[in-house]
Amino acid sequence: METTLSKRTITYNKEGFSNDELIAIYRAILKPRLIEEKMLILLRQGKISKWFSGWGQEGISVGAAYAMKHEEFILPMHRNLGVFTTRGIPLNRLFAQFQGKMSGFTKGRDRSFHFGAKDYNIVGMISHLGPQLGIADGIALANKLKKNEQATIVFTGDGGASEGDFHESLNVAAVWDLPVIFAIENNCWGLSTPSNEQFRCKQFIDKGIGYGMDAFQVDGNNILEVISTIRKIANSIRTKPRPFLLECMTFRMRGHEEASGTKYYPEGLQDEWVKKDPVLNYELFLEEEGILDAGLKESIYAEIKGEIQAGLDIAFAEGPITATLDTELSDVYAPFKQEVKAPASDAKTEKRFIDAISDALRQSMEKYPELVIMGQDVAEYGGVFKVTEGFVDQFGKDRVRNTPLCESAIVGTGLGLSISGMKAVVEMQFADFVTCGFNQIINNLAKIHWRWGQNADVVVRMPTGANTAAGPFHSQSNEAWFFHTPGLKVVYPAFPNDAKGLLNAAIEDPNPVMFFEHKFLYRSIRQDVHDDYFTAEIGKAGYVRRGEDLTIITYGLGVHWAMEVLDQHPEINADLIDLRTLLPLDTETIYESVRNTGKVLVFHEDCMTGGIGGEIAALINENCFDALDAPVKRIASLDTPVPFAVPLEQQFLPLERFKQALVELFEF
Ligand SMILES: Cc1ncc(C[n+]2csc(CCOP(=O)(O)OP(=O)(O)O)c2C)c(N)n1
109 METTLSKRTI TYNKEGFSND ELIAIYRAIL KPRLIEEKML ILLRQGKISK WFSGWGQEGI
169 SVGAAYAMKH EEFILPMHRN LGVFTTRGIP LNRLFAQFQG KMSGFTKGRD RSFHFGAKDY
229 NIVGMISHLG PQLGIADGIA LANKLKKNEQ ATIVFTGDGG ASEGDFHESL NVAAVWDLPV
289 IFAIENNCWG LSTPSNEQFR CKQFIDKGIG YGMDAFQVDG NNILEVISTI RKIANSIRTK
349 PRPFLLECMT FRMRGHEEAS GTKYYPEGLQ DEWVKKDPVL NYELFLEEEG ILDAGLKESI
409 YAEIKGEIQA GLDIAFAEGP ITATLDTELS DVYAPFKQEV KAPASDAKTE KRFIDAISDA
469 LRQSMEKYPE LVIMGQDVAE YGGVFKVTEG FVDQFGKDRV RNTPLCESAI VGTGLGLSIS
529 GMKAVVEMQF ADFVTCGFNQ IINNLAKIHW RWGQNADVVV RMPTGANTAA GPFHSQSNEA
589 WFFHTPGLKV VYPAFPNDAK GLLNAAIEDP NPVMFFEHKF LYRSIRQDVH DDYFTAEIGK
649 AGYVRRGEDL TIITYGLGVH WAMEVLDQHP EINADLIDLR TLLPLDTETI YESVRNTGKV
709 LVFHEDCMTG GIGGEIAALI NENCFDALDA PVKRIASLDT PVPFAVPLEQ QFLPLERFKQ
769 ALVELFEF
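Under the numbering used here, the sequence shown is numbered contiguously, ending at residue 776.
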């Protein structure tokens, strides 16, 4: 790679920049370049793992970080080393991060730039690229609601902009007038794929009009143009919140990552772009202007190289990380010791399941002014199940937000709110639609605390389940998808009082909670529910009935089916356990009961294969084998999608098979 240029090809406008500032910008743009030079050597020596080069794109990273205020959030991508250095991240920690060492930002759990640093107001990416954009919406929403006159900038590549998250996030930002800058680094390639195989529009700014958003294009290699443009946009949106699309034209000089090479680049293309190098052009400009002389240049080089070497010395001196089981396990969740809150009085009112949910939401909204509810049609319409009816009148539209159809962006927005110290409840219109927000839940909400210590204070409400003749896309039981994911909590009440107490508890908990509400129960069951605010313990199962013949372990609608069938069999005295929380699972209660009865039937509405019943059966086998008088029995729905027609759905559901299995186990 070239280290000098004989002729400048970029024209700079230094109006508004003092000479001192121009030199400060020089220091800032030179630093990531010199780090890269060093990294490439270390990579060849096998001393660091993967490296995603930002060589040739420094004008954008550095320019953006330079233009934004320190207290404003930046959400960078994999080529934005310059964001981290310009924000002043200590280099020893950065290098320790690349080496998987303890003093990095993820305790060795994640690599390269996959980390955030709250002290520096940086939220790092996950590998999936696009989800960053939705998080930026949430941070921008928090800024807007707090009226703190802050802007946010989030990056995407031209390839990442093909993801659905790009569309969803820009659309939400436009509809909600969020103060966020979507910076697209258009470096012409996504891995080996050139732009003409990635998108059909001529340029990204053409998309602005489609989103109803202003769009600017800049020469991303011209750092002064980048800074001036971002300053102008940020200044404007701080006081008049709205999003902007900023397309930064540039080129990726090196391979996608160092090992993958650049064979697919047409001959001569890289040579053309060398002439447009953002660092060398700027250096030449300062020299031509008489702002940078040989002595100053030499001392700046020496100073930065010294800083890099000092950082490397510290990072290399640090020993490899020690694996500690306790730390690994305990960091999965944000530390939180639930204090169960009793209601202030004994007053109770008979309520349907749905009213209890509504009650909890209302009282939590009163308790937490920083809580925001988001979902499709949740505002004036009150949600399709009317859970939030009347909420807009009481809490206003800022806090009860109708969303466009975009589950991924909205879950991401919830996370962004949490990063900004707020709380979010996201309503899935039906639990089935969570598939469209799956990535944000599984890869962002669930892992973010373990990765870099940021909690995700988001509750996702999941109206779930069948028995309503609603067909395969409005009936699924999908709790097992989340049960399998460390970092989430999965709550699934069966009674109105539990629903209220557990929903309040879920909102109180700073961790992400998937809250399942069975739609069939919404209006079919009633119970006396405490009027006052209270919480129930997350992670605690309950006995609905006690008996010594056998144990039934179930949750949700299964509890009510089991009660109904037991009523028809007065000769069977069963322990009926309502799990209430699936993750963390109350194994203590399960084992206690199984040891008392010796026979166990695990029963759920979800399909058999890969269902939670399999896990519970395995745990019982491993932990209570000596207490068992019969094989653990599982009863579940058929391994098919959920059918629409009533006779098909009833055959699919497990009730009839449960009746038979219960008697057989009793007689075993
Ligand atoms: C969802 C997803 N699909 C595929 C990949 C693999 N991948 C990583 S980066 C990349 C190309 C990204 O191109 P672009 O967004 O233009 O950014 P650039 O690397 O050019 O800076 C691909 C395909 C991924 N990380 N995530």
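The C-beta atom is built at its ideal place from N, Cα and C for all residues, glycine as well.
It should be emphasised that the depicted structure is a prediction, and the values quoted were computed from it without experimental measurement.
In this structure Gly545 is in contact with Ile518, their Cβ atoms being roughly 7 Å apart against a cut-off of 8 Å. Here the distance from the Cβ of Thr264 to the nearest heavy atom of ligand 1 is below 8 Å. With a beta-carbon spacing of about 6 Å, Lys741 and Leu773 fall inside the 8 Å limit used to define contacts. Tyr372 counts as exposed, since fewer than 16 other beta carbons sit within 10 angstroms of its beta carbon.
Taking the Cβ of Glu305 as the reference point, every heavy atom of ligand 1 lies at 8 Å or farther away. Linking Lys255 to Leu479 through their CA atoms gives a straight-line distance of about 16 Å. Considered as a whole, the stretch 481 to 565 harbours 499 to 503, 515 to 527 and 556 to 560 as its complete alpha helix (DSSP H) runs of no fewer than 4 residues, in chain order.
As far as DSSP is concerned, Glu415 takes part in no beta bridge. Taking a C-beta distance under 9 Å as the contact criterion, Lys115 and Ile429 do not qualify as a contact pair.
The closest heavy atom of ligand 1 lies 8 Å or more from the beta carbon of His677. Val500 sits away from Ile465, with the two beta carbons spaced by 9 Å or more. Within the same chain, and ignoring the five residues on either side of Gly328 in sequence, the residues whose Cβ sits closer than 7 Å to its Cβ are Gln165, Gly167, Ile168, Glu293, Val334, Cys356, Met357 and Thr358.
Under DSSP, Lys115 takes part in no beta bridge, so it has no partner.
The Cβ atoms of Ile685 and Lys226 lie no closer than 9 Å to each other. According to the DSSP assignment, Thr643 belongs to no beta strand (DSSP E), since it is labelled neither H nor E. Here Lys146 is near Leu420, since their CB atoms are less than 9 Å apart.
Unbroken alpha helix (DSSP H) runs of no fewer than 4 residues, entirely contained in the stretch 557 to 634, are found at 587 to 591, 604 to 616 and 627 to 630, following chain order. Scanning Thr717, Leu513, His712 and Asn619 for the CA closest to the CA of Asp273 turns up Leu513. Taking C-beta atoms as the reference points, Ser220 and His186 count as a pair closer than 9 Å. For Cys715, the enclosing beta strand (DSSP E) starts and ends at Val708 to Cys715. For Glu391, the enclosing alpha helix (DSSP H) begins and ends at Pro386 to Glu396. Residue burial annotation: Gln502 is exposed, with fewer than 16 other C-beta atoms found within 10 angstroms of its C-beta.
In the same chain as Lys456, and ignoring 5 residues on each side of it, the C-beta atoms closer than 7 Å to its own belong to Asp636, Val637, His638 and Asp639, in chain order. When DSSP states are grouped into helix, strand and coil, Pro198 belongs to the coil group. Here the stretch 334 to 345 does not lie against the stretch 302 to 313, with fewer than 3 beta-carbon pairs under 8 Å apart. Gln768 counts as exposed, since fewer than 16 other C-beta atoms from the protein chains shown sit within 10 angstroms of its C-beta. In this structure Met536 touches Arg569 by the C-beta definition: roughly 6 Å separates them, less than 8 Å. Along the stretch 111 to 186, the alpha helix (DSSP H) occurs as fully enclosed runs of 4 or more residues at 127 to 152 and 166 to 175, listed in sequence order. A straight-line Cα-Cα distance of about 10 Å links Ala248 and Glu180. According to DSSP, residue pairing for Ala225 in a beta bridge involves Ile230.
Taking the Cβ of Leu400 as the reference point, every heavy atom of ligand 1 lies at 8 Å or farther away. In this structure, Arg116 has its beta carbon at no less than 8 Å from each heavy atom of ligand 1.
A Cβ-Cβ separation of about 7 Å places Ala607 in contact with Glu625 under the 8 Å criterion. Nearest Cα to Ala172 within the set Leu286, Pro239, Leu354 and Arg350: Leu354. Cys309 is bridged by DSSP to nothing; it lacks a bridge partner. The beta-carbon separation of Ile118 and Asn389, rounded to 4 Å, stays under the 8 Å limit for a contact.
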